[in-house]
Amino acid sequence: MIRSLIFFIAIILVYYAVKTVIRSAFSAYTGERSRPRSLKGEEMILDPECRTYVIKERAVTRRIGRTVHSFCSEACADRYEKAHHGERG
Ligand SMILES: [Zn+2]
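The letter at position 43 of the sequence shown is residue 300 when you use our numbering, and the numbering goes up by one with no holes.
Structure, rendered in C-alpha cells:
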C-alpha cells in the first residue's frame, strides 16, 4: 500500500517536472526568438568608431546626418563625426 502511494506521488512529481520544462522551453522558443541578445535586459550596441560594445543606456548618442549613432564616449563620437561629416557634401 505505502509503496503504491510513493509510486503515485513520484508520478505526480515527474508529471509536474515535465510540464514545467515543456512550458519554459515553449516560452523560450516563442518569446525569446526575435528578441536581440541582452544581458539582464540591458541592450548592447556597437560603437562604430572603436568597435566595442557598450550598454545602450550608457552610450553617447549623436546625430550625424540623418542617423543617430551610439558611441562609448564623447571622444569616439567626435572622431566619428569628423570622419563622416560632410561625406555627402
Ligand atoms: Zn568608442
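Note that CB positions come from ideal geometry on N, CA and C, so glycine has one too.
| query | result |
| --- | --- |
| Neighbouring residues (CB closer than 7 Å to any heavy atom of ligand 1) | Asp304, Glu306, Cys307, Thr309, Phe328, Cys329, Ser330 and Cys333 |
| Whole-number beta carbon distance between Thr318 and Val325, since they are thought to touch under 8 Å | 6 Å |
| DSSP state of His341 mapped onto helix, strand, coil | helix |
| Residue nearest to Met301 in terms of C-alpha spacing, selected from Lys313, Thr309, Arg308 and Phe283 | Lys313 |
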